[in-house]
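Enquirer: Numbering (this note's numbering), first residue to last: 2 to 128. We treat Cβ as the ideally placed atom computed from N, Cα and C, and that holds for glycine. If you're wondering where the values come from, they're calculated on a predicted model, not measured in any experiment. Okay, here's the structure, questions in a sec.
If you want it as structure tokens, here you go:
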């Protein structure tokens, strides 16, 4: 279990980089911090699913990858609500600056991390 938590943390770190990178790209393209975060969140979820199915949890080969992706996306949506809520609060109350979106993504990621780990372990990648 400790190895899974460590690997899940690594996946989360990769997801954070993708999330923040796509968010900054979306901001550069003219999207606001809220719409941009929806797009960046989905990109991060895809990256973490790929990492987690290969390295963190033993993939259940009896289910299709499409079904697993849909279950993972739904499971991450629960943590995503906490994540997005914390992000939105941080965007509203942190001083405006170049690093504000990055800090807000970090706060949101931490807020949803535990829920995401539990839902991935007990539902999506259950044995």
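#1: Output the distance between the C-alpha atoms of residue 97 and residue 127, rounded to the nearest integer angstrom.
#2: Candidates 38, 55, 15 and 76: which alpha carbon is nearest residue 1's?
#3: Quick one: which unbroken alpha helix (DSSP H) runs of 4-plus residues sit fully inside the segment 19-82? Chain order, please.
#4: Measure the alpha-carbon distance for residue 124 versus residue 73 and round it to whole angstroms.
#5: Apart from the five residues just before and just after residue 57, which ones in its own chain have a Cβ nearer than 7 Å to its Cβ?
#6: In the DSSP assignment, the alpha helix (DSSP H) including residue 103 goes from what residue to what residue?
#7: Using a Cβ-Cβ cut-off of 7 Å (strictly less than) and excluding sequence neighbours within five positions of residue 27, which residues of its own chain qualify?
#8: So what does DSSP say about residue 127, is it helix, strand or coil?
#9: Would you call the CB atoms of residue 22 and residue 110 closer than 9 Å?
#10: Taking the alpha carbon of residue 44 as the point to measure from, which residue in 3, 69 and 18 has its own alpha carbon closest?
#11: Would you call residue 33 buried or exposed, if buried means 16 or more other Cβ atoms sit within 10 Å of its Cβ?
Expert: In short, the structure shows the following:
#1: 42 Å
#2: Any question about residue 1 goes unanswered here, given that the chain covers just 2 to 128.
#3: 34-52
#4: 9 Å
#5: 5, 8, 9 and 12
#6: 101-120
#7: 37, 40 and 41
#8: coil
#9: no
#10: 18
#11: exposed
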